[in-house]
Amino acid sequence: GDSVTQMEGPVTLSEEAFLTINCTYTATGYPSLFWYVQYPGEGLQLLLKATKADDKGSNKGFEATYRKETTSFHLEKGSVQVSDSAVYFCALMRSGGSYIPTFGRGTSLIVHP
Amino acid sequence: GAVVSQHPSRVICKSGTSVKIECRSLDFQATTMFWYRQFPKQSLMLMATSNEGSKATYEQGVEKDKFLINHASLTLSTLTVTSAHPEDSSFYICSARDWRQLNTEAFFGQGTRLTVV
Chain X
358 GDSVTQMEGP VTLSEEAFLT INCTYTATGY PSLFWYVQYP GEGLQLLLKA
408 TKADDKGSNK GFEATYRKET TSFHLEKGSV QVSDSAVYFC ALMRSGGSYI
458 PTFGRGTSLI VHP
Chain G
71 GAVVSQHPSR VICKSGTSVK IECRSLDFQA TTMFWYRQFP KQSLMLMATS
121 NEGSKATYEQ GVEKDKFLIN HASLTLSTLT VTSAHPEDSS FYICSARDWR
171 QLNTEAFFGQ GTRLTVV
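Protein chains in written order, with our numbering: chain X, 358 to 470; chain G, 71 to 187.
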């Protein structure tokens with residue numbers, strides 16, 4: 358079945374540091390890939406997405422590229438801020454029908470001033 | 071993006087009582103709703119999937135008689151925790167998508183923190 362593997366957290370960085378959160382997936386066919394962010398005490402918000410190979414999703418300075426050859430969708434940001442502290446979830450979903458989103462376990466990011 | 075509104079955001083109830091959580095899609099038709107329970111250290115556990123007008127499909131290990139899900143319209147789904155016990159205390163999150171649309175993402179509610187005392 359489908360699965361998503363994320364790097365274990367927490368990831369602790371200083372403000373303005375470079376961020377990478379690794380995500381790899383296993384799926385049949387050509388799923389769409391997503392990153393969601395969860396701030397403390399809140400639900401999940403869609404951060405970015407990519408629907409086909411080599412697509413790059415970007416939002417709020419975050420980027421991720423759909424790499425089919427390595428089945429990866431790593432999240433990157435060039436300069437993190439304290440306000441980026443949150444939990445980040447990588448997910449995949451197939452279109453149509455009632456396909457269930459498949460989530461990674463989430464990676465907690467802590468950014469210190 | 072589309073908006074999913076979940077209510078209440080926090081609820082405290084006494085052991086043995088029932089609690090209803092509502093999940094509404096405000097600007098799209100939610101053909102499919104998902105209910106998750108989030109445990110400490112953030113992992114999301116899918117509890118059930120429901121399609122509008124159909125009975126919910128529960129994941130293995132989730133008691134359907136305890137967690138009643140109703141998805142009677144394209145904009146509203148409810149989760150009722152019946153005869154709640156302290157071990158049911160958790161963060162519950164709903165999610166909705168419209169599989170008829172080209173976009174495939176699911177949109178999430180704000181979550182409900184349930185505390186059973």
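We put the CB at the ideal spot given by N, CA and C, even for glycine. This one's a predicted model, so the numbers in the text were calculated from it and none came from an experiment.
What are the partner residues of residue i, as DSSP defines its beta bridges?
| i | result |
| --- | --- |
| T182/G | Y162/G |
| M115/G | R107/G |
| H77/G | E92/G |
| E433/X | T377/X, E420/X |
| K413/X | T422/X |
Counting only Cβ pairs nearer than 8 Å, list the residues of chain G close to residue i.
| i | result |
| --- | --- |
| F391/X | E175 |
| S465/X | Q112 |
| I457/X | F104, L116, T119 |
Which residues bound the beta strand (DSSP E) around residue i?
| i | result |
| --- | --- |
| V468/X | 464 to 469 |
| I457/X | Unbroken run through I457/X: none, as it is neither H nor E. |
| Y387/X | Looking at the DSSP string, Y387/X is not in any beta strand (DSSP E), and its letter there is neither H nor E. |
| H141/G | 137 to 143 |
| Y396/X | Note, Y396/X: premise wrong, no beta strand (DSSP E); not H, not E. |
| K406/X | 401 to 407 |
| V439/X | Segment: none, V439/X is in no beta strand (DSSP E) and carries neither H nor E. |
For residue i, return the contacting residues in chain G, with the cut-off set at a CB-CB distance below 9 Å.
| i | result |
| --- | --- |
| M450/X | R167, T174, E175, A176 |
| R462/X | K111, Q112, S113, L114 |
Run through chain X and tell me which residues come within less than 9 Å of residue i, C-beta to C-beta.
| i | result |
| --- | --- |
| Q180/G | G398, E399, G400 |
Report the neighbours of residue i on chain X: residues whose CB is nearer than 8 Å to its CB, in chain order.
| i | result |
| --- | --- |
| I163/G | G400, L401 |
| Q76/G | G400 |
Using a beta-carbon distance cut-off of less than 9 Å, what residues from the segment 395 to 415 of chain X approach chain G?
If the cut-off is 9 Å between Cβ atoms, the segment 395 to 415 of chain X has Q395, G398, E399, G400, L401, Q402, L403, K406, T408 near chain G.
Just by C-beta distance, which residues in the segment 431 to 445 of chain X are closer than 9 Å to chain G?
V444
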